[in-house]
Structure formats: C-alpha cells, structure tokens
Amino acid sequence: MQQQVITSSGNEKLTLDYVLKLLLEDGLITEEQRTQFAGLHESDNKKTHPLITLSNLDWHSSCEPSFPLTLERLTQWLAEKTRIPYVRIDPLKIDVNKVTSLVSQAYATNLKILPLEIDGKELTVANCEPFFDSWVQELSRIVNLRIKRVLVNPKDVERYLVEFYGISQSILGAVIDSDESRSKLQNFEQLIEVGKMGEPDANDQHIVSIVDWLLQFAFEQRASDIHLEPRREKGKIRFRIDGMLHQVHEFPIILMGAISSRLKSLGRMDVTDRRRPQDGRIKTKTPSGDEVEMRLSTMPTAFGEKLVIRIFNPEMLYKSFTDLGFGAHEIKTWEHMTHNPHGIILVTGPTGSGKTTTLYSALRQLARPDNNICTIEDPIEMVDEQLNQMQVQQNIGVDFATGVRTLLRQDPDIIMIGEIRDFETADIAIQAALTGHLVLSSLHTNDAPS
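Oh and the sequence shown: position 103 is 94 in the working numbering, straight run, nothing missing.
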C-alpha cells in the first residue's frame, strides 16, 4: 500500500493511538490489533515511547507476515512516513567531545535530542519525535548553525544521551579535580608549564567511570584490541575492529596517565614503573555476562606510556565455520583436512584477520575423548579444559621449538602451535606432521595468498 506522507505540526508528541492509526492506514496491522491496544500507552505506559511499546509486542506486518515490526523497522517506517532522514547511530563516527560541548546535557535531555555531527555551518541533531520540532529555531539561534533533523531509534536516544554526556562529564570532572594540571612524568616531548605537577588519581571516581565505559564500549563494538596512545597535547583511544583501527575518542593528555594507571592496577602491574615495558592480565565480564580475558602490554614512548589491551572473548574465539564466513565447499574441504590423522594445516593472514579464532574453533570441533590435543602458545589466549595447553616462557628457555619437542613426548594426536615465527619451529612442525601427528598453526602474512 502506498504511504501517505504526513508533516510536522510543531509541538505534538507521538501517542500510541496515533501510531496505531498510521500503521492501520498503511496495512501493517489489522483493525483487531489496533482495537486491542488502543489507549494502552496513555493509561499504562506514559513514559514509554509508542514505538518501543509496539516493538515489544512481537507483531509481524499483516501484509507481509515474514516482516517483523522490530523497533528499528518501525523507526524506518516512521521516517519514510514523515520524510525525515533515518539514521542508525554509529558511535565510532561521532566526535563526542565536540558535539556535547555545543548543546548542554540539561537542554538535550529535556528535549530528548542528541547532537551527532557538525558539517560546516550545519548541525545534525537526532530525535525520536517527528512532530515535535518547536526547539529547532531556538537551538539554531543558540549554536548559530543550521539544524538538520534526523530520526533515530528511541532506545538509542535514551542510551547515548546517558553515555555521551556521561563520559564528557567524567572527563571534565577528572580534569577539574587535577586543577587543570599537566603531568611531566616520562613525557619527553611535552611542553612543561612550570608550577603545574598534578595528575588525577587512578582511583578517582571519574577515572573509574571512564575506564568502565571504555571497556564496555569495546565489548559492544566487538573490538579485538584497545590502543591508548599519548600524544603531545591529546591522548588517542583507538579500537581494532575486523582488522582495522578506528579512532574512538580523544582525551586531555593529563588524563591518559591516570587511565593507564587504573588499567595497570586492574591488571596487577607495577603502576609506579612507566620506564619499562610490562605485561598484565584482566578477567572481567561483558554486559551480557560472558567472561572475557584481556592481555595488557605497555611501552614507554616519547609522549608517555602507550598501552594496548588484547581482548579474548570466548564467544569470539569459538565460532562455527559458517559464522567465520566459510561456504559449504570450504567447510567440506576444511573437515576433510582436519580429519586426516597426520599432516600440517597453516592458517595465514594479517593481524586481526581471525587466525586465532579459526584455530580455536577447529580445536573445539576436534576435541573428543579419544583425542589428545596439546598446544604451545604465546600466550595462552583462552584456557580450555579439553586441551593440554602450554605457554612459551622465554625467560626459562621454553620457546616454540622447545615446546613442540616436549609435546611430541606427550603422545599427542593433534598439536597446535600458536605461531610459526622461525625456521627451527617450522622444521620441527614439519617433522611432527611427517611422523603421524596432525599439526595446526598460524603464519603471519600480509594476505592469505602470500
């Protein structure tokens, strides 16, 4: 059914009855459904957005039964209906500090609007009320910019109002608590201001909030690595997602040392030593309750201490080969190779391409009571009770080659070598494959064919 376009009337907010009426007109629901829920929003759910109420009903389109009326699809439908551009918020593309400095938290929260982007003389603002636009002219005068309205999922507006302004307030609070001072500790390239020596404490509540937000955000974005990189005036936060680094945020340089110290404290590292590289581990849980292990590595740089966090999520490491992108033919070929009693299989590719995930997923499928699977890894990225895992320890002379020799005396059926890094390890891996063992390993390359 062709949709009838409706326009804004200024100050009206959506009601459930009105949305039901529009859905009925477009043939997306039946009269029976409309009658059943008419008036529900006003009487029982005054604070709940009508689209959220409807999405919780798990309805499907009456004209297309395979088309569920999810919150995102209802938002898209309403955007088309009102001819307001629809946007799916991508927090990685938003300069949070820049947009939140233009519109106050109180103003944005009161109107349930969210500034997203500044492009020249235009400010893009998201909201979830297509007929409520009386604020547009006022905001345009305040910020001295044209306002471009976009329609977004109402849950995203609620969520990112809290997150964006919350992290901005934490940053501001931490800077204020430090008297706007600059740390001169181990930042050889920073311009020192005489008489200003303070740095926020790692246990300051603002710093704790920033670190908590940083980790939760990384989990939500399914990042494999977090990079904290100090520069002369600013500190950069970058996430590696699907092999690519994305800049997420910039912090005042005064906060970077405190953020690093908080993470080092959680990772049981020496917080006071910023001159030498250190390694640590953190075990925590994601918002969904999954246990996650993180490996921390620090490095002193000209601008201060750089910290990288590698995230090992069991959900990410153990996947079906369909989820990994294997087609039916590739799965059949892979199963044929891994069910051979001997031979060597190499998984190749660049950093972050999924080599470790592929190996762990294969081992999970091969783990059976009649198999003895032994691994040598640097480090053990995820402990699995079905595997006999050994870690490289260079300080006591246990490298990959030594580890493989040890594993060969353990009556293994399958050997996994975390990475082949030198000729000696490659040679002993081939010897193991030729003497009746199935060997799986990874090899770093710029791309799979090379």
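Idealized CB from N, CA, C, for every residue including glycine. All of these numbers come straight from a predicted model, not from anything done at the bench.
Neighbour-count burial assignment, residue i, 16 or more Cβ in a 10 Å radius
i           : result
residue 47  : exposed
residue 392 : buried
residue 280 : exposed
residue 331 : exposed
residue 180 : Confidence in residue 180 is poor, its pLDDT being 47 and thus under 50, which makes the residue's placement unreliable; the coordinate value appears in the next sentence. The residue in question, residue 180, is exposed, as its Cβ has fewer than 16 Cβ neighbours within 10 Å.
residue 269 : buried
residue 365 : buried
residue 319 : exposed
residue 414 : exposed
residue 438 : exposed
residue 403 : buried
residue 410 : buried
residue 153 : exposed
residue 223 : exposed
residue 260 : buried
residue 247 : buried
residue 311 : exposed
residue 215 : buried
residue 99  : buried
residue 231 : buried
residue 57  : exposed
residue 425 : exposed
residue 447 : Within the shown structure, residues of the chain are numbered from -8 to 441, placing residue 447 beyond reach of any answer.
residue 72  : buried
residue 421 : exposed
Pairwise C-alpha distance: residue j and residue i
i           : j           : result
residue 434 : residue 298 : 25 Å
residue 326 : residue 317 : 11 Å
residue 397 : residue 90  : 57 Å
residue 363 : residue 408 : 14 Å
residue 96  : residue 132 : 17 Å
residue 314 : residue 212 : 17 Å
residue 188 : residue 156 : Residue placement at residue 188 is poorly supported in this model, since its pLDDT is 40, which falls under 50; the coordinates still yield a value, given next. For residue 188 and residue 156, the distance between alpha carbons rounds to 28 Å.
residue 244 : residue 300 : 19 Å
residue 69  : residue 41  : 11 Å
residue 263 : residue 82  : 33 Å
residue 387 : residue 394 : 12 Å
residue 126 : residue 102 : 8 Å
residue 77  : residue 257 : 41 Å
residue 43  : residue 128 : 28 Å
residue 304 : residue 346 : 14 Å
residue 381 : residue 356 : 20 Å
residue 401 : residue 289 : 35 Å
residue 123 : residue 80  : 20 Å
residue 151 : residue 130 : 19 Å
residue 49  : residue 66  : 15 Å
residue 328 : residue 358 : 15 Å
residue 17  : residue 276 : 44 Å
residue 238 : residue 158 : 16 Å
residue 39  : residue 278 : 23 Å
residue 384 : residue 109 : 51 Å
residue 2   : residue 291 : 56 Å
residue 75  : residue 55  : 24 Å
residue 416 : residue 272 : 27 Å
residue 344 : residue 235 : 9 Å
residue 198 : residue 249 : 7 Å
Reduced DSSP category for residue i - H, G, I as helix; E, B as strand; rest coil
i           : result
residue 303 : strand
residue 27  : helix
residue 203 : helix
residue 330 : coil
residue 401 : coil
residue 359 : coil
residue 292 : strand
residue 352 : helix
residue 67  : helix
residue 237 : strand
residue 221 : strand
residue 157 : helix
residue 144 : coil
residue 421 : helix
residue 368 : strand
residue 414 : helix
residue 51  : strand
residue 432 : strand
Any C-beta of chain D under 8 Å from that of residue i
i          : result
residue 83 : The structure shown contains no chain D, having only a single protein chain.
Q | Contact the stretch 135 to 149 vs the stretch 115 to 122: 3+ CB pairs below 8 Å | A | Enough Cβ pairs lie closer than 8 Å, so yes.
- Evaluate the contact criterion for the stretch 421 to 435 versus the stretch 336 to 347: three or more CB pairs, one atom per stretch, below 8 Å. Cβ pair count under 8 Å is three or more, so yes.
- Message: Please give me, in chain order, every unbroken run of the alpha helix (DSSP H) with length at least 4 that falls completely inside the stretch 240 to 276.
- Response: Inside the stretch 240 to 276, DSSP marks whole alpha helix (DSSP H) runs of 4 or more residues at positions 244 to 257, from first to last along the chain.
Count Cβ pairs between the stretch 343 to 363 and the stretch 372 to 388 that sit closer than 8 Å; are there 3 or more?
Touching, per the Cβ criterion.
Next item on the list: Please specify which runs of the alpha helix (DSSP H), each continuous and at least 4 residues long, are wholly inside the stretch 76 to 137, giving them in chain order.
Entry: The qualifying runs are 87 to 91, 96 to 102, 126 to 134.
Worksheet item: Do three or more CB pairs link the stretch 240 to 259 to the stretch 195 to 203 at distances below 8 Å?
Response: With contact defined as three or more Cβ pairs closer than 8 Å, the stretch 240 to 259 and the stretch 195 to 203 are in contact.
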